[in-house]
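The structure under discussion appears below in the form of structure tokens.
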Amino acid sequence: MPRRLQSFAALAGIVVLAIVISPAAADGSRVFLQLGNLTDILRQISLIGMIALAMTFVILTGGIDLSVGSILALSTAITAMCLTRITAEMSYPAHIALAIAAAVLVSGLAGLLNGAVTATIRIQPFIVTLASMIGVRGLAKWITRNENIDIGFGHDVAAAFAAIFREKFIVIGSYACAAALFGITLARTVFGRHVRAIGDNENAARYAGLPIRATKIWVYTISGLLSGFAGVLYAAENHQGNPNAGVAYELDAIAAVVIGGTPLSGGRGSVTGTIIGSLIMGVLTNMLRLNNVDSNLEMMIKAVIIVLAVAVQRERESA
Numbered sequence: 239m240p241r242r243l244q245s246f247a248a249l250a251g252i253v254v255l256a257i258v259i260s261p262a263a264a265d266g267s268r269v270f271l272q273l274g275n276l277t278d279i280l281r282q283i284s285l286i287g288m289i290a291l292a293m294t295f296v297i298l299t300g301g302i303d304l305s306v307g308s309i310l311a312l313s314t315a316i317t318a319m320c321l322t323r324i325t326a327e328m329s330y331p332a333h334i335a336l337a338i339a340a341a342v343l344v345s346g347l348a349g350l351l352n353g354a355v356t357a358t359i360r361i362q363p364f365i366v367t368l369a370s371m372i373g374v375r376g377l378a379k380w381i382t383r384n385e386n387i388d389i390g391f392g393h394d395v396a397a398a399f400a401a402i403f404r405e406k407f408i409v410i411g412s413y414a415c416a417a418a419l420f421g422i423t424l425a426r427t428v429f430g431r432h433v434r435a436i437g438d439n440e441n442a443a444r445y446a447g448l449p450i451r452a453t454k455i456w457v458y459t460i461s462g463l464l465s466g467f468a469g470v471l472y473a474a475e476n477h478q479g480n481p482n483a484g485v486a487y488e489l490d491a492i493a494a495v496v497i498g499g500t501p502l503s504g505g506r507g508s509v510t511g512t513i514i515g516s517l518i519m520g521v522l523t524n525m526l527r528l529n530n531v532d533s534n535l536e537m538m539i540k541a542v543i544i545v546l547a548v549a550v551q552r553e554r555e556s557a
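Below, the structure is given as structure tokens:
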């Protein structure tokens, strides 16, 4: 086995071994490998996983998006407001479609703004998206007056929305479709090659005449759109529009991308790696919670995993 794969295989082996010998796997009442638990893991990682897919494209261009958690919160707020405060007479499918479209559209506009400022004014993506993270969160709190908007209780249109979009099939299916679409886009399309080329060597890409500005705007817009859709699913699952939702989601998404083998310098990486990174984080979280591990210790363990992943990347690069 090539040296650059040995460390990754070792890390994967440790995770698999931990799964096998986990006390949770031997617990007759909460068996780790039980189908219900495995689908719960997939459901739990789906929202972060979708955000991580878009984050992969952003990082591949050499950028970063710290605003995804705030955009998700804004999306939950808009979804809830549309479902509870729009009184126009219409059938409930149209009402739900309007709420989803409004939330995703506004989220896409937030991503578009990130991309436009980054690509045209050439301010560092970290600074742009940090400002956006603060500003969008403030907007979400302002339009909701810093209050949660409860939805999905009763027999109204909001209840129908929550009943449909909190189903495992919808949540996991949405993630699977997004993963397939992003995987094909990165591996098989001209846009995917442009994303890689810009992150690998932006100056060379510029001399080659690649559409650097348009590509960057698109990847941040896509990041906003997918964060917005994740916010729609969050609102359905939690029965509320919450302006404080999505805190630290950007860090979880970045962690999944990095653990999956995409360096923060960009240019190299894959959607498959990001999916694996999301699964590793999801399995680890599930194992720790089944064993009643303190949440603070859980965060410390995740921190160690992230550092190990970066160390693995450095070893692969030097091999």
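Quick note on numbering: the sequence shown equals residues 239 to 557 in the working numbering.
Even glycine gets a Cβ: it sits at the ideal position worked out from N, Cα and C.
In this text the structure is predicted, and so the values were computed from the model without any measurement.
Nearest candidate by alpha-carbon position, reference residue i, set the options
i: ALA318; options: ILE309, ALA547, ALA341, GLU536; result: ALA341
i: ALA425; options: LEU276, LEU463, ASP303, GLY507; result: GLY507
i: ALA486; options: ARG375, GLY300, ASN530; result: ARG375
i: ILE283; options: ALA398, VAL545, THR512; result: THR512
i: SER516; options: ALA547, ALA337, LEU347, ILE408; result: ALA547
i: VAL296; options: THR510, VAL344, THR367, ILE359; result: THR367
i: ALA474; options: GLY287, ALA315, VAL509; result: ALA315
i: LEU343; options: LEU463, PHE420, GLY505; result: LEU463
i: GLU405; options: CYS320, TYR472, ILE334, VAL495; result: TYR472
i: GLY430; options: ILE279, LEU285, ILE302, GLY505; result: GLY505
i: ALA335; options: PHE467, LEU535, THR500, PRO501; result: PHE467
i: THR382; options: ASN482, HIS393, ALA357; result: ASN482
i: LEU347; options: SER313, ILE359, ALA332; result: SER313
i: PHE420; options: ASP490, ASN275, SER345, SER461; result: SER461
i: GLY373; options: LEU285, ALA398, ILE359, SER345; result: SER345
i: ALA398; options: GLY447, ALA435, THR322; result: THR322
i: ASP278; options: VAL545, LEU528, LEU535; result: LEU528
i: ALA369; options: ASN275, LEU276, ASP490, ILE309; result: ILE309
Residue i, enclosing alpha helix (DSSP H) - first and last residue
i: VAL531; result: Segment: none, VAL531 is in no alpha helix (DSSP H) and carries neither H nor E.
i: ARG360; result: ARG360 -> no alpha helix (DSSP H), and no H or E assigned at all.
i: PHE407; result: 406–426
i: ILE497; result: 487–497
i: GLU440; result: 440–445
i: GLU475; result: 450–476
i: GLN282; result: 273–298
i: THR314; result: 306–323
i: ALA483; result: Careful: ALA483 lies outside any alpha helix (DSSP H) and carries neither H nor E.
i: ILE402; result: 395–403
Burial state of residue i (16 or more Cβ within 10 Å)
i: ASN441; result: exposed
i: ASN524; result: buried
i: SER533; result: exposed
i: ILE543; result: buried
i: GLY300; result: buried
i: GLY484; result: buried
i: ALA549; result: exposed
i: GLY537; result: Checking the sequence shown, residue 537 turns out to be Met, not Gly. Result: exposed.
i: ASN352; result: buried
i: GLU327; result: The predicted model places GLU327 with a pLDDT of 49, which falls under 50 and marks its position as unreliable; any figure quoted below should be read in that light. By the neighbour-count rule (16 or more Cβ atoms within 10 Å), GLU327 is not buried but exposed.
i: ALA541; result: exposed
i: CYS415; result: exposed
i: LEU271; result: exposed
i: HIS393; result: exposed
i: VAL531; result: exposed
i: LEU285; result: buried
i: ILE359; result: exposed
i: ALA332; result: exposed
i: ALA339; result: exposed
i: VAL495; result: buried
i: ILE436; result: buried
Cβ-Cβ separation, residue j to residue i (assumed contact under 8 Å), whole Å
i: VAL457; j: VAL428; result: Between VAL428 and VAL457 the Cβ distance is about 14 Å, and since that is not below 8 Å, they are no contact.
i: GLY479; j: ASN386; result: 7 Å
i: ILE518; j: ILE492; result: Not a contact, Cβ separation roughly 14 Å.
i: SER465; j: VAL306; result: 4 Å
i: LEU298; j: THR500; result: 7 Å
Check whether residue i and residue j have beta carbons under 8 Å apart
i: GLY349; j: THR459; result: yes
i: ALA337; j: ILE455; result: no
i: ALA311; j: ALA378; result: yes
i: LEU291; j: ALA417; result: yes
i: LEU526; j: ILE514; result: no
i: GLU488; j: LEU273; result: no
i: THR294; j: VAL509; result: yes
i: HIS477; j: ILE361; result: no
i: GLY287; j: TYR413; result: yes
i: ILE289; j: PHE364; result: no
i: ALA357; j: ARG451; result: yes
i: ILE402; j: ILE410; result: no
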